[in-house]
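> Note that the protein sequences, when read in sequence, are chains F and U. Taking numbering that gives the first Met the number 0, I'd label the letters of the first sequence as residues 0 to 347. Taking numbering that gives the first Met the number 0, I'd label the letters of the second sequence as residues 0 to 347.
2 protein chains.
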Amino acid sequence: MKTPLTIALDAMGGDHGAKVVIAGAARALADQPGLQYRLYGDEGLVYKQLERFEELARASTVIPTSVTISMDAKPSQALRAGRRDSSMWKAIEAVKKGEAHAVVSAGNTGALMAMSKICLKMLPNIERPAIAGIWPTIKQPCIVLDLGGNVGASATKLVDFALMGAAMSRAIFHIDKPSVGLLNIGVEEVKGVEEVKTAHAVLADSDLPVDYRGFIEGNDIGKGEVDVVVTEGFSGNIALKTAEGTARQMGVYLREAMNSSLISKLGALLASGGFRALKHRMDTRRYNGGSFLGLKGIVIKSHGGTDEIGYASAINYACEFVRAGLVERIATDVEHFHNTLNGHSLSG
Amino acid sequence: MKTPLTIALDAMGGDHGAKVVIAGAARALADQPGLQYRLYGDEGLVYKQLERFEELARASTVIPTSVTISMDAKPSQALRAGRRDSSMWKAIEAVKKGEAHAVVSAGNTGALMAMSKICLKMLPNIERPAIAGIWPTIKQPCIVLDLGGNVGASATKLVDFALMGAAMSRAIFHIDKPSVGLLNIGVEEVKGVEEVKTAHAVLADSDLPVDYRGFIEGNDIGKGEVDVVVTEGFSGNIALKTAEGTARQMGVYLREAMNSSLISKLGALLASGGFRALKHRMDTRRYNGGSFLGLKGIVIKSHGGTDEIGYASAINYACEFVRAGLVERIATDVEHFHNTLNGHSLSG
Numbered sequence: 000m001k002t003p004l005t006i007a008l009d010a011m012g013g014d015h016g017a018k019v020v021i022a023g024a025a026r027a028l029a030d031q032p033g034l035q036y037r038l039y040g041d042e043g044l045v046y047k048q049l050e051r052f053e054e055l056a057r058a059s060t061v062i063p064t065s066v067t068i069s070m071d072a073k074p075s076q077a078l079r080a081g082r083r084d085s086s087m088w089k090a091i092e093a094v095k096k097g098e099a100h101a102v103v104s105a106g107n108t109g110a111l112m113a114m115s116k117i118c119l120k121m122l123p124n125i126e127r128p129a130i131a132g133i134w135p136t137i138k139q140p141c142i143v144l145d146l147g148g149n150v151g152a153s154a155t156k157l158v159d160f161a162l163m164g165a166a167m168s169r170a171i172f173h174i175d176k177p178s179v180g181l182l183n184i185g186v187e188e189v190k191g192v193e194e195v196k197t198a199h200a201v202l203a204d205s206d207l208p209v210d211y212r213g214f215i216e217g218n219d220i221g222k223g224e225v226d227v228v229v230t231e232g233f234s235g236n237i238a239l240k241t242a243e244g245t246a247r248q249m250g251v252y253l254r255e256a257m258n259s260s261l262i263s264k265l266g267a268l269l270a271s272g273g274f275r276a277l278k279h280r281m282d283t284r285r286y287n288g289g290s291f292l293g294l295k296g297i298v299i300k301s302h303g304g305t306d307e308i309g310y311a312s313a314i315n316y317a318c319e320f321v322r323a324g325l326v327e328r329i330a331t332d333v334e335h336f337h338n339t340l341n342g343h344s345l346s347g
Numbered sequence: 000m001k002t003p004l005t006i007a008l009d010a011m012g013g014d015h016g017a018k019v020v021i022a023g024a025a026r027a028l029a030d031q032p033g034l035q036y037r038l039y040g041d042e043g044l045v046y047k048q049l050e051r052f053e054e055l056a057r058a059s060t061v062i063p064t065s066v067t068i069s070m071d072a073k074p075s076q077a078l079r080a081g082r083r084d085s086s087m088w089k090a091i092e093a094v095k096k097g098e099a100h101a102v103v104s105a106g107n108t109g110a111l112m113a114m115s116k117i118c119l120k121m122l123p124n125i126e127r128p129a130i131a132g133i134w135p136t137i138k139q140p141c142i143v144l145d146l147g148g149n150v151g152a153s154a155t156k157l158v159d160f161a162l163m164g165a166a167m168s169r170a171i172f173h174i175d176k177p178s179v180g181l182l183n184i185g186v187e188e189v190k191g192v193e194e195v196k197t198a199h200a201v202l203a204d205s206d207l208p209v210d211y212r213g214f215i216e217g218n219d220i221g222k223g224e225v226d227v228v229v230t231e232g233f234s235g236n237i238a239l240k241t242a243e244g245t246a247r248q249m250g251v252y253l254r255e256a257m258n259s260s261l262i263s264k265l266g267a268l269l270a271s272g273g274f275r276a277l278k279h280r281m282d283t284r285r286y287n288g289g290s291f292l293g294l295k296g297i298v299i300k301s302h303g304g305t306d307e308i309g310y311a312s313a314i315n316y317a318c319e320f321v322r323a324g325l326v327e328r329i330a331t332d333v334e335h336f337h338n339t340l341n342g343h344s345l346s347g
């Protein structure tokens, strides 16, 4: 690793642009002494925000860019409009050029994925990035992938996801041989799809560096049954969004229940310490950041609507990944697995 | 409709067998005056439970059966062992013979689906039953299907699901033209799979008896954005289980938070009325029952582990479906749609 540790930030990305990015960078700097930033964006806007953070200003190099990728642009439009001159492209390119160790953007997900793929390229044998997220459970948080990068996935891809998720688990949770579960459904005799069954057979009978635990169902994720949950991107994205929606729904139920009578309101006031603890535990900002795995570089997508606390989490994860040599570890594990396939892909 | 309204019950199904089935039947009888039952199961066990419920005993005909399908039998095993002589098969057959208007079982899902399909047959153009469930939201409950009957679904099937879900919404919620959303993911430019996109195009540009609202994401389900949520069975089952898991996870967080200090415990005690309201709202027993849609008869799968309150809900839904003429309505709507296809299925 080239020192000092340097992270490239797309300062224009996200619903709140430079304001949140810069404040988040300042917050992460407090967690990561010696960290350096390369900030890509509108010079005036970035410097204006930097005025508030003296130490951050010293740790940062500002690189002016002229184009901002809008949050609702299609990836193809973004590539046409933003190639070369956008804050997003330039920030990714910094990783390619070795000027930064990782890039964080809260911008347009599809554009970030398309640009990362073109600029950084995929690791051998990997076709498209998988999006991995950190999912809080009643035990320790787990990693779930793919959250939408690949709609549908072959058995080979599912095994790749298991390896990439395990490498990520090792990098941030320091688990030597992470436990892995394959998401499936339990309704039918012929359970699940062919790809999932084939991936199951491979994972169950291999010397891959994971502790494979077999099929799990949707309700096992929140129980913290495994360290890494593997599924293709369509069902993974639906699981993630459904969990977010259910958590919000429970929050509404709870608020309405506590406001249902004067005495309940009083009780809730008395229990405010407990409710603060609950709020902290349900605070997903600590887990903010979708990691694009399988690229020849570290790219983290921050939630577009997050605040500086969430943005700082994404930066902190990026730093962990760099220190752990995540890309190299994924490359090694995936290459080893594909060598055992002898150039064939798995049927199913 | 042949009077009186008669429901066939597989008295041996579920984790608790006749005990819960009979108590649930008694409870539903209080909601449905004049209801008649045909109870299929071990004579001794059933009569023993009936001793507790005089009115129910008068409203019931007991048909002794000699085989019980175990909860973990594979459907193929169940068909070999249980065809003809099992409580499950006999109860389904009662609908086929016109001796009952609907059947409820808390038994093995795969076996119930396989037997229903063989005994009752599918409606024209429908290949396999879709499993529809009632999903509580912050507004009115909605219907979600398929929850696992069909792994993967063509565009034609997805439109069939929309029609079947809408017919069910009309039957139990009396909504004339239910709003329908197609579950999709919002990450990629080329959003979702081909089948989903084709179904979207058909639903958006048709005279089908639904108020089509376009794509929705997982977090929109709990918001109550639409009356009917349509997806294929793999992602639908994962969404359902993930939501259940998340609700339980929130419950654990809440309990731990309220026990985090003495003063929070006191506050929670004071707010116990509010917590009771919350518990009631989160009580999924009121929505218990997966409806198998697309069959030439009404079949409801009760959750295997539910109690009499949950079981009674499943019976109550069965009664609503019979009164609304659900099967005929589905048959008409699906036939109309398939006629517009002129014998072709949708590409994608």
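Using N, Cα and C, we set each Cβ at its ideal position, and we do this for glycine too. Since we're looking at a predicted model, the values are computed, not measured.
Go ahead and label residue 267 of chain F buried or exposed: buried means 16 or more other beta carbons lie within 10 angstroms of its beta carbon, across all protein chains shown.
Burial call: buried.
> Along the chain, where does the alpha helix (DSSP H) containing residue 300 of chain U start, and where does it finish?
From DSSP, residue 300 of chain U is part of no alpha helix (DSSP H) but of the beta strand (DSSP E) over 297–300.
> Report the residue from F:271, F:122 and F:224 whose alpha carbon sits nearest the alpha carbon of residue 163 of chain F.
Per the Cα distances, F:122.
> Quick one: list the residues of chain U neighbouring residue 138 of chain F, beta-carbon separation under 9 Å, in chain order.
The contacting residues do not exist; residue 138 of chain F stays about 10 Å from chain U at best.
> 9 Å is my cut-off, CB to CB: does residue 260 of chain U come that close to chain F?
Chain F, which has a Cβ nearer than 9 Å to the Cβ of residue 260 of chain U, makes this yes.
> Under 9 Å, Cβ to Cβ, is there at least one residue of chain U near residue 332 of chain F?
Not an interface residue.
> Leaving out five residues on either side along the sequence, give the residues of the same chain with a beta carbon under 6 Å from the beta carbon of residue 308 of chain U.
Answer for residue 308 of chain U: 284, listed in chain order.
> Would you report the Cα separation of residue 286 of chain U and residue 298 of chain U, rounded to the nearest angstrom?
Straight-line Cα distance between these residues: approximately 15 Å.
> Out of U:129, U:168, U:149 and U:114, which has the shortest C-alpha to C-alpha gap to residue 348 of chain U?
Given that chain U is displayed from residue 0 to residue 347, the structure contains no residue 348 of chain U and the question cannot be resolved.
> Please list, in chain order, the chain U residues whose beta carbon lies closer than 7 Å to that of residue 246 of chain F.
Correct list: 245 and 249.
> So if DSSP puts residue 121 of chain F in a beta bridge, which residue, or which two residues, is it bridged to?
For residue 121 of chain F, which the question treats as bridged, DSSP gives the partners F:294.
> Listing by chain order, which chain U residues have their CB less than 8 Å from the CB of residue 218 of chain F?
Those are 240, 241, 243, 244 and 247, listed as they occur along chain U.
> Using only the alpha-carbon positions, how far apart do residue 61 of chain U and residue 222 of chain U sit?
If you take the alpha carbons of residue 61 of chain U and residue 222 of chain U, they lie about 44 Å apart.
> Compare the C-beta of residue 184 of chain F against all C-beta atoms of chain U and say whether one is closer than 9 Å.
At least one chain U Cβ lies under 9 Å of residue 184 of chain F.
> May I ask you to list the residues that DSSP assigns as paired with residue 61 of chain U?
Answer is U:38.
> For chain U, check one thing: does any of its Cβ atoms lie closer than 9 Å to the Cβ of residue 230 of chain F?
Answer yes: the Cβ-Cβ gap between residue 230 of chain F and chain U drops below 9 Å somewhere.
> Using a Cβ-Cβ cut-off of 8 Å (strictly less than) and excluding sequence neighbours within five positions of residue 113 of chain F, which residues of its own chain qualify?
Around residue 113 of chain F: 74, 75, 77 and 78.
> What's the call for residue 106 of chain U, buried or exposed, on a 16-neighbour Cβ count within 10 Å?
With 16 or more Cβ atoms within 10 Å of its Cβ, residue 106 of chain U is classed as buried.
> For residue 9 of chain U, name the three-state secondary structure that DSSP assigns.
Here residue 9 of chain U sits in strand by DSSP.
> Using the C-alpha atoms, what's the distance from residue 59 of chain F back to residue 259 of chain F?
Rounded to the nearest angstrom, the two C-alpha atoms are 51 Å apart.
> When you check each C-beta in the region 87–112 of chain F against every C-beta of chain U, which residues fall closer than 7 Å?
The residues in question are 108 and 109.
> Quick check: what's the CA-CA separation for residue 188 of chain F versus residue 26 of chain U?
Because the pLDDT at residue 188 of chain F is just 47, under 50, the model does not fix this residue reliably, and the value given afterwards should be weighed accordingly. Approximately 33 Å between the Cα atoms of the pair.
> Taking all protein chains shown into account, do 16 or more other C-beta atoms lie within 10 angstroms of the C-beta of residue 29 of chain U, making it buried, or fewer, making it exposed?
That one is exposed.
> Determine, using beta-carbon pairs with one atom in the region 10–21 of chain U and one in the region 145–155 of chain F, whether at least three such pairs fall under 8 Å.
As far as the Cβ criterion goes, the region 10–21 of chain U does not touch the region 145–155 of chain F, which means the pair count is below three.
> Which residues in chain U have a C-beta closer than 8 Å to the C-beta of residue 233 of chain F? List them in chain order.
Ordered by position in chain U, the residues that pass the 8 Å Cβ test against residue 233 of chain F are 184, 191, 192 and 234.
> Tell me the DSSP secondary structure of residue 180 of chain F in three-state form.
Residue state, collapsed to three classes: strand.
> Measuring only the C-alpha atoms, how far is residue 338 of chain U from residue 8 of chain U?
Between residue 338 of chain U and residue 8 of chain U, the C-alpha separation is close to 36 Å.
> Residues of the region 199–228 of chain F with a CB closer than 8 Å to any CB of chain U: list them in chain order, please.
Residues 216, 217, 218, 219, 220, 221 and 222.
> Counting only Cβ pairs nearer than 8 Å, list the residues of chain U close to residue 61 of chain F.
The contacting residues do not exist; residue 61 of chain F stays about 30 Å from chain U at best.
> Which whole-angstrom value describes the C-beta separation of residue 131 of chain F and residue 292 of chain F, a residue pair presumed to lie in contact below a C-beta threshold of 8 Å?
Confirmed, about 5 Å.
> Could you please give the first and the last residue of the uninterrupted alpha helix (DSSP H) stretch that includes residue 274 of chain U?
Residues 271–280.
> If you measure between the beta carbons of residue 324 of chain F and residue 95 of chain F, is that distance less than 9 Å?
Their beta carbons are not under 9 Å apart, which means residue 324 of chain F does not touch residue 95 of chain F by this criterion.
> Is residue 217 of chain U closer than 9 Å to residue 246 of chain F when the C-beta atoms are compared?
Not a contact, by the Cβ cut-off of 9 Å.
> Exposed or buried, what is residue 51 of chain U when buried is set at 16 or more other beta-carbons lying within 10 Å of its beta-carbon?
Classification of residue 51 of chain U: exposed, given that the 10 Å Cβ count is below 16.
> Please report the residue range of the beta strand (DSSP E) in which residue 142 of chain F lies.
Unbroken beta strand (DSSP E) run through residue 142 of chain F: 141–144.
> If you draw a straight line from the alpha carbon of residue 349 of chain F to that of residue 45 of chain F, how long is it in whole angstroms?
Residue 349 of chain F lies beyond the residue range present for chain F, which begins at 0 and ends at 347; the question has no answer from this structure.
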